[in-house]
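Colleague:
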Amino acid sequence: MPTLWKQIVFSFASILSIGSVVLLVVALSTERWITGTTLCQTGVDLVNASSPELEQFTGHIYYGLFQGGKTRRCGLGIRRSKIYSKSTLTCRLMTYI
């Protein structure tokens, strides 16, 4: 029969382990860890934009664990692009396969 101290330690370790797995799954499945807003300063300076016109020159950027994306608006329409992060170790391993 385990002592009360062993039961407490194993219970705490089990809860901590389950919590770590849950956080890992959430972290790997989240695409937008960091989000932000960008401003096309060149476009703002060219047309001397004020507060209501700044909406035409704002964009958005977001990053996840393996990929991200950005939307640029410099007064000429919306331009979207993806950002992929690939480690050099992965690139080296792929060359040997």
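Numbering (this note's numbering) for the sequence shown: 4 to 100. Just so it is clear, CB atoms sit at the ideal spot from N, CA and C, and this is done for glycine as well.
1) By DSSP, does T61 sit in helix, in strand, or in coil?
2) So what's L42 in DSSP terms, helix, strand or just coil?
3) Thinking T38 and Y65 are a contact (beta carbons under 8 angstroms), I'd like their distance in whole angstroms, please.
4) Give me the DSSP bridge partner(s) of Y84.
5) Do G67 and T41 count as a contact pair if the criterion is CB distance below 9 angstroms?
6) In terms of residue numbering, what span does the alpha helix (DSSP H) encompassing W8 cover?
Modeller: Reading from the atomic positions:
1) strand
2) strand
3) 4 angstroms
4) Checking the sequence shown, residue 84 turns out to be Ser, not Tyr. Looking at the DSSP assignment, S84 forms a beta bridge with K73.
5) no
6) L7 to S32
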